[in-house]
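Visitor: Supplied in structure tokens, the structure appears directly below.
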Amino acid sequence: KFMKVQSTIHPGIIFEVILNKWNLPAPNLVISLVGGEEDFQMKPWLRDTLKKGFIKAAESTGAWIFTSALRVGVTRHLVQAVRDLALASTSSTLSVIAIGIASLREIQHREILENTKSESLVHYQSDDSTQGPLYSLDHNHSHFILVEHSTAEEPDGTAKLRLALEKHISEQRTGYGGTGSIEIPVLCLLVNGGPGTLERICSGLENSAPWLILAGSGGTADILASFMNDPQLIIPEVVEKQFKEKFPAESFSWKDILHWTVTIQNIISHQHLLTLHNFEQDGSEELDTVILKALVKACKSQSQEAQEYLDELKLAVAWNRVDIAKSEIFNGDVEWKSCDLEEVMMDALVNNKPEFVKLFIDNGANIYEFLTYSRLQRLYCSISQKCLLYELLLKKHEESKLTLTGLTGQQQSDQKDTCPLFTLTEVSRVLKDFLDDACKGFYQDLRHEGKKKSDKMNTKGLPGPLDMNQKSENPWRDLFVWAVLQNRHKMANYFWAMGQEGVASALAACKILKEMSRLETETKAACIMKEAKYEQLAVELFSECYHNSEERAFALLVRKNQYWSKTTCLQLATEADAKSFFAHDGVQAFLTKIWWGDMSTSTQILKLICAFWCPFLIYTNFISFSEEKKSKNEPEPFRELDSLDSERTLFFSKEEDR
Numbered sequence: 001k002f003m004k005v006q007s008t009i010h011p012g013i014i015f016e017v018i019l020n021k022w023n024l025p026a027p028n029l030v031i032s033l034v035g036g037e038e039d040f041q042m043k044p045w046l047r048d049t050l051k052k053g054f055i056k057a058a059e060s061t062g063a064w065i066f067t068s069a070l071r072v073g074v075t076r077h078l079v080q081a082v083r084d085l086a087l088a089s090t091s092s093t094l095s096v097i098a099i100g101i102a103s104l105r106e107i108q109h110r111e112i113l114e115n116t117k118s119e120s121l122v123h124y125q126s127d128d129s130t131q132g133p134l135y136s137l138d139h140n141h142s143h144f145i146l147v148e149h150s151t152a153e154e155p156d157g158t159a160k161l162r163l164a165l166e167k168h169i170s171e172q173r174t175g176y177g178g179t180g181s182i183e184i185p186v187l188c189l190l191v192n193g194g195p196g197t198l199e200r201i202c203s204g205l206e207n208s209a210p211w212l213i214l215a216g217s218g219g220t221a222d223i224l225a226s227f228m229n230d231p232q233l234i235i236p237e238v239v240e241k242q243f244k245e246k247f248p249a250e251s252f253s254w255k256d257i258l259h260w261t262v263t264i265q266n267i268i269s270h271q272h273l274l275t276l277h278n279f280e281q282d283g284s285e286e287l288d289t290v291i292l293k294a295l296v297k298a299c300k301s302q303s304q305e306a307q308e309y310l311d312e313l314k315l316a317v318a319w320n321r322v323d324i325a326k327s328e329i330f331n332g333d334v335e336w337k338s339c340d341l342e343e344v345m346m347d348a349l350v351n352n353k354p355e356f357v358k359l360f361i362d363n364g365a366n367i368y369e370f371l372t373y374s375r376l377q378r379l380y381c382s383i384s385q386k387c388l389l390y391e392l393l394l395k396k397h398e399e400s401k402l403t404l405t406g407l408t409g410q411q412q413s414d415q416k417d418t419c420p421l422f423t424l425t426e427v428s429r430v431l432k433d434f435l436d437d438a439c440k441g442f443y444q445d446l447r448h449e450g451k452k453k454s455d456k457m458n459t460k461g462l463p464g465p466l467d468m469n470q471k472s473e474n475p476w477r478d479l480f481v482w483a484v485l486q487n488r489h490k491m492a493n494y495f496w497a498m499g500q501e502g503v504a505s506a507l508a509a510c511k512i513l514k515e516m517s518r519l520e521t522e523t524k525a526a527c528i529m530k531e532a533k534y535e536q537l538a539v540e541l542f543s544e545c546y547h548n549s550e551e552r553a554f555a556l557l558v559r560k561n562q563y564w565s566k567t568t569c570l571q572l573a574t575e576a577d578a579k580s581f582f583a584h585d586g587v588q589a590f591l592t593k594i595w596w597g598d599m600s601t602s603t604q605i606l607k608l609i610c611a612f613w614c615p616f617l618i619y620t621n622f623i624s625f626s627e628e629k630k631s632k633n634e635p636e637p638f639r640e641l642d643s644l645d646s647e648r649t650l651f652f653s654k655e656e657d658r
């Protein structure tokens, strides 16, 4: 596809056509390829390495690539890789979009394009033959923007329009796979380049565009690389020497040299917008890593405020580059507050990036401040439609709509649903099917229960609706359950490790997944559910407790877990049919202790048989009993016990039994 535009057109119109007429998705990155507009020799290994890294960077980020559109120079070297990627891809949508921007007066066979009517098909044949300064369009592009000049003498109209378009795009905002909205980053990539490229770089720097300069690619790129390492050498004599070495076929007057010297000094003064990469010295570093570092560097130099880094942080999340986020953003230069990280935390959760969730929490995100019931509900609304949980929640949602229709006598289907698709009430009903009483009261406001019991109009004392702005009482448990229900076990394991009542939580997850595996129709997902090691986690954690203190471990088994509706670990293990947990020596010892009661566990079976036939033997010392309980004035051992979450909890007290 192509469009013909005047050089004076507003760039916003072009951007609208690209999005709405060509139906291209908004980019997450624009790479503007700048370099020599004439054929030049590039080392084969450098060309292959650059092509591979260039395409990987563009593909992984969902980028648009802007080029000169002509089958010459750096465009010819790199854009072929875009075509190869498109041919190899099985997807119907383009992952990398190459858009060529060229002046019509520079195009070979331009009369074919000039005489084309609107919306008509054009047969244009690309070839390698040249007609003086004219070059053929490169057929490896998917789209072209062809610029018509208002006058034949108008200089640099195409370059100015391209700069204006890049600046306009950099000011737009787009979301990437989640809740975040970021300004579209535009990065200029310099490969080789002639003397005139210096003016192009200066113009880009005036728009605050970051530049990535590939040292070793020849031409202007190598000249700038040498001066970036030693700015004191930017004097006319050294500049003249460099130009003669890099462009031996051209001649330069002293006036030209003085002009280029000032231009280079101006460029090098913007060090914060320039990033130098040398494939020979830094070959192990991927190009997408270098690109993101260049964007972060440009941001870092301008401010130390956390808000100024958010777009780059969102990019790191979108590209899943936690290593760059650690080294370039969370390196101690910026003090992050919990509120600064809320939006990116939501993105990391929705897009299943546990490494970023951990990174944010380690660097200031407060999960107790972050997780409100409103955000939790949004998390459930963001689940994939291919997920079993989506089907279960949709079923509960439809049941709720039918119930509401029956109560009101009105059809609700024609009304727009202004509420989120799923509610926490529906989530609690799904959990009820899996956990029974272990999730009683989940996502209900129990604070007014006592008031309702005294209300003559409501003697049942039903819990009230949640205040959605209220913070979650147990965010680790809520996020753990959310992750388990979606089969996101790496994420769930982190929340489990950070949360409380670990044995009970692992057994609850075991129960949930066993129930879900019976409902899951997709074999792979069902296998993942069955292979989840939550029962093993419960066994390992209880084993550690048992080795530390036998009595405390016994108390743990019958402790009423506050965050699981006061159910005990034994109850949860029974519901989950956790055979491995019951087979643990500590659990068996506790069950044996219950079975024997006050009798000594060392009593021989033969003595029990004798006592069965001769009951009077019980009143003798024939059978040993445990020592009598201490008097009421003495405290019961381990009555007040430290739980795993360091909360002081009363065991077996009358208050808990109420």
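Take 1 as the starting number for the sequence shown in the UniProt record's numbering and just add one per residue. Where is the CB? At the ideal position from N, CA and C, for every residue including glycine. Please read all numbers here as calculations on a predicted model, not as lab measurements.
1. Let me know if V79 comes out buried or exposed under the rule of 16 or more other beta-carbons within 10 Å of its beta-carbon.
2. So, are the CB atoms of V30 and E250 less than 8 Å apart?
3. Excluding five sequence neighbours on each side, which residues of the same chain lie with their C-beta closer than 7 Å to the C-beta of A504?
4. Skipping 5 residues on each side, what residues in its chain have a beta carbon closer than 8 Å to that of L187?
5. Is the number of C-beta pairs between the stretch 540-547 and the stretch 571-586 that are closer than 8 Å three or more?
6. Within 10 angstroms of its Cβ, does R173 collect 16 or more other Cβ (buried), or is it exposed?
7. Just to confirm my understanding: we take D414, look at its own chain, exclude 5 residues before and 5 after, and list those with CB closer than 7 Å. What are they?
8. How do the stretch 334-354 and the stretch 307-314 stand: do at least 3 beta-carbon pairs fall below 8 Å, yes or no?
9. Taking all protein chains shown into account, decide if G441 is buried (16 or more other Cβ within 10 angstroms of its Cβ) or exposed.
10. Could you tell me the alpha carbon to alpha carbon distance between K416 and Y380, rounded to whole angstroms?
11. Would you list the residues sitting across from A63 in a DSSP beta bridge?
12. Since H272 and A298 are thought to touch, with beta carbons under 8 Å apart, how far apart are those beta carbons, to the nearest angstrom?
13. For F590 and K511, I'd like the C-alpha separation in whole angstroms.
14. Among the candidates L233, F434 and L198, whose CA atom is the shortest distance from the CA of V484?
15. Run through the stretch 298-345 for me and flag every whole alpha helix (DSSP H) of 4 or more residues, listed as ranges in chain order.
16. Does DSSP classify I235 as helix, strand or coil?
17. What did DSSP end up calling V71 once you bin it into helix, strand or coil?
18. How do the stretch 380-393 and the stretch 352-361 stand: do at least 3 beta-carbon pairs fall below 8 Å, yes or no?
19. Using only the alpha-carbon positions, how far apart do I169 and L198 sit?
20. Taking Cβ positions, are G193 and V34 nearer each other than 8 Å?
21. Rounded to whole angstroms, what is the Cα-Cα separation between E575 and L513?
22. Rounded to whole angstroms, what's the CA-CA distance from T523 to T49? Just pull it up for me.
23. Pull up the DSSP beta-bridge partners for V186, would you.
24. Can you confirm whether the stretch 53-68 touches the stretch 212-228 when touching is taken to mean that 3 or more C-beta pairs between the two stretches lie within less than 8 Å?
25. Starting from S103, follow the alpha helix (DSSP H) in both directions and report where the run begins and ends.
26. Exposed or buried, F612, counting other C-beta atoms within 10 Å across all chains shown (16 or more means buried)?
27. Thinking C-alpha only, which one of L507, E391, N493 and A497 is nearest E520?
28. How would you write the range of the beta strand (DSSP E) that K4 sits in, first residue to last?
29. For G450, I'd like the list of residues in its chain whose CB is within less than 6 Å of its CB, leaving aside the five on either flank, ordered along the chain.
30. Apart from the five residues on each side of it in sequence, which residues of its chain come closer than 7 Å, Cβ to Cβ, to D288?
31. Could you check what DSSP says for D455 in three-state terms: helix, strand or coil?
32. With a threshold of 7 Å on Cβ separation, who are the neighbours of F480 within its own chain once the five nearest residues in sequence on each side are excluded?
33. With 16 as the cutoff for other CB atoms within 10 Å, does C614 come out buried or exposed?
34. Starting from the Cα of T592, find the closest Cα among E342, K396 and F554 and give me that residue.
35. Helix, strand or coil for G178 per DSSP?
36. Hey, is L46's beta-carbon within less than 8 Å of any beta-carbon in chain E?
Guide: Considering the structure as presented:
1. Counting from one through the sequence shown, the residue named residue 79 turns up at place 79. Per the 10 Å Cβ criterion, buried.
2. Position 30 of the sequence shown, counted from the first residue, corresponds to residue 30. Position 250 of the sequence shown, counted from the first residue, corresponds to residue 250. For V30 and E250, no; Cβs fall outside 8 Å.
3. The count along the sequence shown starts at 1 and reaches residue 504 at position 504. The answer, listed in chain order, is N561, W564, C569 and L572.
4. Indexing the sequence shown from 1 puts residue 187 at position 187. Only L29, V30, I31, S32, A209, P210, W211, L212, I291, A294 and L295 meet the Cβ criterion.
5. yes
6. Here the question's residue 173 lines up with position 173 in the sequence shown. Exposed, by the Cβ-count rule.
7. If you number the sequence shown from 1, residue 414 lands on position 414. Confidence at D414 is low in this model, with a pLDDT of 43, below 50, so its placement is unreliable and the value that follows should be read with caution. Closer than 7 Å at the Cβ level, and outside the excluded window around D414, lies no residue.
8. yes
9. Here the question's residue 441 lines up with position 441 in the sequence shown. So G441 ends up on the exposed side.
10. Here residue 416 is taken as the residue at index 416 of the sequence shown, counted from 1. Here residue 380 is taken as the residue at index 380 of the sequence shown, counted from 1. Its pLDDT being 44, under 50, K416 is placed unreliably by the model, and nothing is read from it.
11. The residue you call residue 63 lines up with position 63 of the sequence shown. A63 is bridged to L29.
12. For this step, residue 272 is matched to residue 272 along the sequence shown. For this step, residue 298 is matched to residue 298 along the sequence shown. About 6 Å; that satisfies the 8 Å criterion.
13. Within the sequence shown, the letter at position 590 stands for residue 590. Within the sequence shown, the letter at position 511 stands for residue 511. Rounded to whole angstroms, F590 to K511 spans 22 Å at the Cα level.
14. Residue mapping note: residue 484 aligns to position 484 of the sequence shown, counting from 1. The shortest Cα separation from V484 among L233, F434 and L198 belongs to F434.
15. 310-318
16. Counted from its first residue, the sequence shown places residue 235 at position 235. In this structure, I235 counts as coil in the three-state DSSP scheme.
17. Taking the sequence shown and counting its residues from 1, the one referred to as residue 71 is at position 71. Sequence check: residue 71 is Arg here, not Val. R71: coil per DSSP, three-state reduction.
18. no
19. By one-based count along the sequence shown, residue 169 stands at place 169. By one-based count along the sequence shown, residue 198 stands at place 198. Cα-Cα distance, rounded: 23 Å.
20. By one-based count along the sequence shown, residue 193 stands at place 193. By one-based count along the sequence shown, residue 34 stands at place 34. Contact: yes.
21. Along the sequence shown, one-based indexing puts residue 575 at 575. Along the sequence shown, one-based indexing puts residue 513 at 513. About 12 Å.
22. Translated into the one-based positions of the sequence shown, residue 523 becomes position 523. Translated into the one-based positions of the sequence shown, residue 49 becomes position 49. Cα to Cα, the separation comes out at about 40 Å.
23. Position 186 of the sequence shown, counted from the start, is the residue given in the question as residue 186. According to DSSP, V186 bridges with V30.
24. no
25. Translated into positions along the sequence shown, residue 103 becomes position 103. Note, S103: premise wrong, no alpha helix (DSSP H); beta strand (DSSP E) at I97 to S103.
26. Here residue 612 is taken as the residue at index 612 of the sequence shown, counted from 1. The residue in question, F612, is exposed, as its Cβ has fewer than 16 Cβ neighbours within 10 Å.
27. Position 520 of the sequence shown, counted from the first residue, corresponds to residue 520. When each option's Cα is compared against that of E520, the closest is E391.
28. Reading the sequence shown from its first residue, position 4 is the one you call residue 4. F2 to Q6 is the span of the beta strand (DSSP E), which, as asked, contains K4.
29. Along the sequence shown, one-based indexing puts residue 450 at 450. Confidence at G450 is low in this model, with a pLDDT of 44, below 50, so the placement of that residue should be treated as unreliable; the coordinate-derived value is given next. Closer than 6 Å at the Cβ level, and outside the excluded window around G450, lies no residue.
30. Position 288 of the sequence shown, counting from 1, holds the residue named residue 288. Hits under 7 Å: K56, A57, S60, T61 and W319.
31. Counted from its first residue, the sequence shown places residue 455 at position 455. Any reading at D455 is ruled out, since the residue's pLDDT is 47, under 50, leaving its predicted position unreliable.
32. Walking along the sequence shown from the start, residue 480 turns up at place 480. Within the same chain, F480 has close Cβ partners A492, F495, W496, G499 and S505.
33. On the sequence shown, position 614 is the one that residue 614 refers to. By the 10 Å Cβ count, C614 comes out exposed.
34. Along the sequence shown, read from residue 1 onward, the residue named residue 592 stands at position 592. The candidate whose alpha carbon is nearest that of T592 is F554.
35. Walking along the sequence shown from the start, residue 178 turns up at place 178. Low per-residue confidence applies at G178: pLDDT is 41, beneath 50, and the placement is therefore not dependable enough to give any value.
36. The question asks about chain E, but that chain is absent: this structure has only one protein chain.
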